[in-house]
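Undergrad: The following block contains the structure, expressed as structure tokens.
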Amino acid sequence: MNKSSNNAPRLLLAPMEGVMDSVMRGMLTGIGGYERCVTEFVRISSTVLPPKVYYRLCPELKNDGRTKAGTPVYVQLLGSDPALMAANAKTVAKLGAPGIDLNFGCPAKTVNKSRGGATLLKTPELIFTICKAVRDATPIDTPVTAKVRLGFDDDSKFNSIADCAIRSGIDELTVHARTKTQAYRPPAHWALLKNVTNTRDIPIIANGEIWTPSDLMSCREQSACEAFMLARGALCRPDLGRAIKAHTDNVAIAPMTWPEITELLIHFFEENGARYERKYAINPLKQWLVYLQYCYPQAAALFAEVKRIHDPDDMLCALLGATQRLAA
Ligand SMILES: Cc1cc2nc3c(=O)[nH]c(=O)nc-3n(C[C@H](O)[C@H](O)[C@H](O)COP(=O)(O)O)c2cc1C
């Protein structure tokens, strides 16, 4: 089914372990452009996790499952045991998650050793069984979505992976347009999504290598998708969602300035410091600075200044120093 149209593209904020936490989701959805987000993955290995784990990973559950800007946050589960995944999905749905996403793309060795994430791409039938178990255990008005790659070593099973996921009754399918072996190396193979997008009845969400509004236009053209998930690009350019919407509406908007970005950096650091032990706010901040340098050369200078800082007070001083220098 070709859903190609002149409609504004739907934009989703990707799950990103270690950096796309509730504070980041709150900031980026506040800037605008995103229809929904997904939590970092929660690994399901041997039990039904207690509510406190889900509240920690997704504090938005206490706000009707939405960020402050009102954007729904789906909870992402990663695991290979259908019954256990279903039981956890049931808990998450009871806690009020607006939707549940299933991870079949994570390339991490530890995750794959325990038969979760991308390793499941080798066994599309197991993807079907997991998706179906979760769909059946979850109230029908709670959407269930899945996120896959094109395959494990190559893309020869992609059609079967997509079919198995879709046949289970899930509501939407995100495809990171690379195999597990291709990891994060460019390019993303958007054109390989087109056949699935045009012939299946659920929305297919394209993901991978969308850094600019014109990347999104190329991806749309090649994949025939109308929905797109942004990951690293959204961190490099915090207003990317808003910029894409403006681009498709033919409206000119000024990109965020470095002083505006430094305010976000301080907010990210302080809010995370208030949520966890303060020292745990340091690494996500450094990680974000690494992404920001692609769009803001000032971020590279700030990263060089803070990369050896391990003390939260020193980090805050460095961030405040950067804003004071700007004001001087
Ligand atoms: C640091 C990092 C963490 C990620 N964590 C997750 C995750 O928890 N769940 C998931 O499904 N994908 C995860 N991904 C994959 C992204 O959601 C996305 O599929 C990938 O980065 C490709 O999109 P991009 O080219 O726009 O970055 C992660 C990627 C990165 C770089």
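So the numbering used here is basically just the index in the sequence shown, starting at one, shifted up by 55. Think of the CB as a built atom: it goes at the ideal place given N, C-alpha and C, for glycine as much as any other residue.
1) Who does Ala261 pair with in a DSSP beta bridge?
2) Determine the direct distance from the alpha carbon of Thr254 to that of Ala243, and round the result to whole angstroms.
3) For Pro64, count neighbouring C-beta atoms within 10 Å of its own C-beta (all shown protein chains included) and say buried if the count is 16 or more, exposed if not.
4) Is the beta carbon of Tyr239 within less than 7 Å of some heavy atom of ligand 1?
5) For my contact list, Phe213 and Ala173 are in at a C-beta cut-off of 8 Å; report their separation, rounded to the angstrom.
6) Can you tell me the Cβ-Cβ gap for Leu139 and Ile99, rounded? I've got them flagged as a contact below 8 Å.
7) For Leu285 versus Ile265, is the C-beta distance shorter than 8 Å?
8) Give me the Cβ distance between Ile299 and Leu66, rounded to the nearest whole Å; I'm assuming they're in contact under 8 Å.
9) Just list the beta strand (DSSP E) runs in the stretch 106-178, keeping only unbroken ones of 3 residues or longer that don't cross its boundaries, in chain order.
10) Relative to the C-alpha of Ala377, which residue among His365, Asp368, Ala356 is closest?
11) In angstroms with no decimal places, state the Cα-to-Cα distance between Arg121 and Val199.
12) For Ala282 and Thr303, I'd like the C-alpha separation in whole angstroms.
13) What residues in its chain sit with their C-beta under 6 Å from that of Ala144, if we drop five residues either side in the sequence?
14) May I ask which residues mark the beginning and end of the beta strand (DSSP E) holding Cys92?
15) What span of residues does the alpha helix (DSSP H) with Arg275 cover, start to end?
16) Please classify Ala148 as buried or exposed, where buried requires at least 16 neighbouring CB atoms within 10 angstroms.
17) When the Cβ atoms of the stretch 111-121 are set against those of the stretch 312-323, are three or more pairs found closer than 8 Å?
18) May I ask you to report which of helix, strand or coil DSSP gives Gly206?
19) How big is the Cα-Cα spacing for Arg177 and Gly171?
20) Take Trp134 and list the residues in its own chain whose beta-carbon comes closer than 6 Å to its own, dropping the five residues that flank it on each side.
21) Closer than 7 Å: is that where the CB of His365 sits relative to any heavy atom of ligand 1?
22) Using CA atoms only, rank isn't needed, just tell me which of Asp210, Glu276, Leu132 is closest to Pro179.
23) Could you give the distance in angstroms between the alpha-carbon of Thr234 and the alpha-carbon of Leu205?
24) Using a threshold of 8 Å, state whether the C-beta atoms of His74 and Trp343 are closer than that.
25) At what residues does the alpha helix (DSSP H) containing Leu248 begin and finish?
26) Which residues in the same chain have their Cβ closer than 8 Å to the Cβ of Val203, if we skip the five residues on either side of it in sequence?
TA: In brief:
1) As a working note, residue 261 is residue 206 in the sequence shown. For Ala261, which the question treats as bridged, DSSP gives the partners Val230, Phe283.
2) For the purposes of this step, residue 243 is taken as residue 188 along the sequence shown, with counting starting at 1. For the purposes of this step, residue 254 is taken as residue 199 along the sequence shown, with counting starting at 1. Ala243 and Thr254: Cα-Cα distance of roughly 21 Å.
3) Taking the sequence shown and counting its residues from 1, the one referred to as residue 64 is at position 9. It counts as buried.
4) Translated into positions along the sequence shown, residue 239 becomes position 184. For ligand 1, at least one heavy atom lies less than 7 Å from the Cβ of Tyr239.
5) The residue given as residue 213 occupies position 158 in the sequence shown. The residue given as residue 173 occupies position 118 in the sequence shown. Actually they do not touch by this definition, with Cβ atoms about 13 Å apart.
6) Residue numbering aside, residue 139 sits at position 84 when the sequence shown is read from its first letter. Residue numbering aside, residue 99 sits at position 44 when the sequence shown is read from its first letter. That pair is a contact at about 6 Å.
7) Walking along the sequence shown from the start, residue 285 turns up at place 230. Walking along the sequence shown from the start, residue 265 turns up at place 210. Contact: yes.
8) For this step, residue 299 is matched to residue 244 along the sequence shown. For this step, residue 66 is matched to residue 11 along the sequence shown. Between Leu66 and Ile299 the Cβ distance is about 6 Å, and since that is below 8 Å, they are a contact.
9) 128-133, 155-159
10) Within the sequence shown, the letter at position 322 stands for residue 377. The residue with the shortest Cα to Cα distance from Ala377 is Ala356.
11) Taking the first residue of the sequence shown as 1, we reach residue 121 at position 66. Taking the first residue of the sequence shown as 1, we reach residue 199 at position 144. Cα-Cα distance, rounded: 16 Å.
12) As a position in the sequence shown, residue 282 is number 227, starting the count at 1. As a position in the sequence shown, residue 303 is number 248, starting the count at 1. So the alpha carbons of these two residues sit roughly 13 Å apart.
13) By one-based count along the sequence shown, residue 144 stands at place 89. Result list for Ala144: Ile155, Val189, Ala192, Thr193, in chain order.
14) By 1-based counting over the sequence shown, the position of residue 92 is 37. Here the beta strand (DSSP E) through Cys92 covers 91-93.
15) Taking the sequence shown and counting its residues from 1, one reaches residue 275 at position 220. It spans 268-278 - the alpha helix (DSSP H) in which Arg275 sits, taken as one unbroken run.
16) Taking the first residue of the sequence shown as position 1, residue 148 is located at position 93. Answer is buried; the Cβ neighbour count reaches 16.
17) no
18) One-based indexing of the sequence shown puts residue 206 at position 151. In the structure shown, Gly206 sits in a strand (DSSP, three-state: E or B).
19) Taking the sequence shown and counting its residues from 1, one reaches residue 177 at position 122. Taking the sequence shown and counting its residues from 1, one reaches residue 171 at position 116. Residue identity differs from the one stated: residue 177 is Lys in this sequence, not Arg. Answer to the nearest angstrom: the Cα atoms are 11 Å apart.
20) As a position in the sequence shown, residue 134 is number 79, starting the count at 1. According to the sequence as given, residue 134 is Gly; it is not Trp. Cβ within range, chain order: Ile99, Met140, Gly171.
21) In the sequence shown, residue 365 corresponds to position 310, counting from 1. It does not: the Cβ of His365 is nowhere closer than 7 Å to a heavy atom of ligand 1.
22) As a working note, residue 179 is residue 124 in the sequence shown. Nearest of Asp210, Glu276, Leu132 to Pro179, Cα basis: Asp210.
23) Within the sequence shown, the letter at position 179 stands for residue 234. Within the sequence shown, the letter at position 150 stands for residue 205. Rounded to whole angstroms, Thr234 to Leu205 spans 5 Å at the Cα level.
24) If you number the sequence shown from 1, residue 74 lands on position 19. If you number the sequence shown from 1, residue 343 lands on position 288. According to the sequence as given, residue 74 is Val; it is not His. Contact flag set, yes.
25) Taking the first residue of the sequence shown as 1, we reach residue 248 at position 193. Here Leu248 belongs to no alpha helix (DSSP H), and DSSP marks it neither H nor E.
26) The sequence position of residue 203 within the sequence shown is 148, counting from 1. Once the five neighbours on either side are set aside, the close Cβ partners of Val203 are Phe159, Gly160, Leu176, Ile182, Ile216, Ala217, Ala220, Leu228, Thr229, Val230, His231.
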